[in-house]
């Protein structure tokens, strides 16, 4: 037996599915409700501003629900929306999980979850820009573009032969081209002792429905206990989590915290 809440949401869903509006008869039929019940519930929804009725008699869903959702997004922020996915992945792998998001032509670490316990572990560096050719997240980014464009990005950072990078850092464009070909073929990137000594990471790209690069999701830990084989066993988990983050990505433009967001309220 359906509850009153079930019936209300059946009515709302019927209106969402038909933006041109529905008559009482069609609504009752679509929501599988008796006409008097549908009429009574619609009256309640109209009183709360969730539904409106035009002069012709048809019912329409109002923008109130959408505005309530946008208000919630504005108060939480995009990183907050992503956090449960990161926390779950960190618990699964027992290492640091972090997201690098594309901002213009910069790849910036914006979110993380620490799954490692006390002792030897890798800590986050939120707010820093990824070095493209020696980080797993950066390689994922470079692999999404033509090699001529990838070399431009690497040249712009001017760190191809930087002496402060790790002992396994790529030091030539020839080596970079081979590595990016491998990343494209595999669908993931690995970096061990490249950006710095002691750091190991595996990453996958986060892309939208059109295949456009949005960012990278990585698992990072000490190279003393994480070799390539241990890193790659987490790729299926990374792919699943990156898919979940990609579904949240359309909300990013609507979920940027502002100082006034917490003070705004919608009258319903």
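Numbering (the numbering used here), first residue to last: 36 to 303.
Here a beta-carbon is modelled for each residue, glycine too, at the ideal position from N, C-alpha and C.
Since the structure is predicted, the reported quantities are computational estimates derived from the model, not experimental observations.
- 7 Å or more divides the Cβ of residue 235 from the Cβ of residue 201.
- When the beta-carbon positions are compared, residue 132 and residue 125 come within less than 7 Å of each other.
- In this structure, residue 273 lies away from residue 227, with their beta-carbon atoms at least 7 Å apart.
- Excluding the 5 residues flanking it on each side, residue 195 has same chain C-beta neighbours closer than 7 Å at 168, 189, 206, in chain order.
- A Cβ-Cβ distance of about 6 Å is found for the pair residue 280 and residue 117, placing them in contact under the 8 Å criterion.
- The shortest C-alpha to C-alpha distance from residue 65 to any of 52, 75, 71 is the one to 52.
- The DSSP-derived three-state label of residue 132 is strand.
- Residue 171 and residue 253 do touch by the CB rule: their CB atoms are close to 5 Å apart, below 8 Å.
- Every alpha helix (DSSP H) stretch that sits fully inside the segment 66 to 109 and reaches 4 residues is listed by chain position as 70 to 82.
- Contact between residue 222 and residue 134 does not hold, since their C-beta atoms are separated by about 18 Å, which reaches or exceeds 8 Å.
- In the displayed model, residue 285 falls within a helix according to three-state DSSP.
- Following the DSSP letters along the chain, one finds residue 254 inside the beta strand (DSSP E) bounded by residues 248 to 257.
- In the three-state DSSP reduction, residue 149 falls in the strand class (E or B).
- Under the three-state reduction of DSSP, residue 42 is assigned to helix.
- Each of 232, 178, 218, 182 was checked against the Cα of residue 204, and the nearest Cα belongs to 232.
- Assignment of residue 166 by DSSP, reduced to helix, strand and coil, places it in the coil class.
- Within the DSSP bridge table, the entry for residue 138 names 141 as partners.
- Scanning 199, 160, 193, 209 for the CA closest to the CA of residue 182 turns up 209.
- Bounds of any beta strand (DSSP E) do not take in residue 209; it lies within the alpha helix (DSSP H) bounded by 208 to 221.
- By the C-beta density criterion, residue 121 is buried, having at least 16 other C-beta atoms within 10 angstroms.
- In this structure, the straight-line span from the alpha carbon of residue 179 to that of residue 219 is close to 8 Å.
- Taking the C-beta atoms as reference points, residue 237 is found nearer than 7 Å to residue 266.
- Distance from the CA of residue 153 to the CA of residue 259, rounded to the nearest whole angstrom, comes to 15 Å.
- According to the DSSP assignment, residue 172 belongs to the alpha helix (DSSP H) that extends over 171 to 177.
- Looking from the CA of residue 286, the closest CA among 112, 123, 141 belongs to 112.
- Selection 45, 86, 71 evaluated against residue 101 yields 86 as nearest (Cα-Cα).
- Separation of residue 48 and residue 94 (C-alpha to C-alpha, rounded to the nearest whole angstrom) is 12 Å.
- The three-state secondary structure of residue 242, taken from DSSP, is strand.
- Cβ-Cβ separation between residue 59 and residue 46: approximately 10 Å, too far for a contact (criterion under 8 Å).
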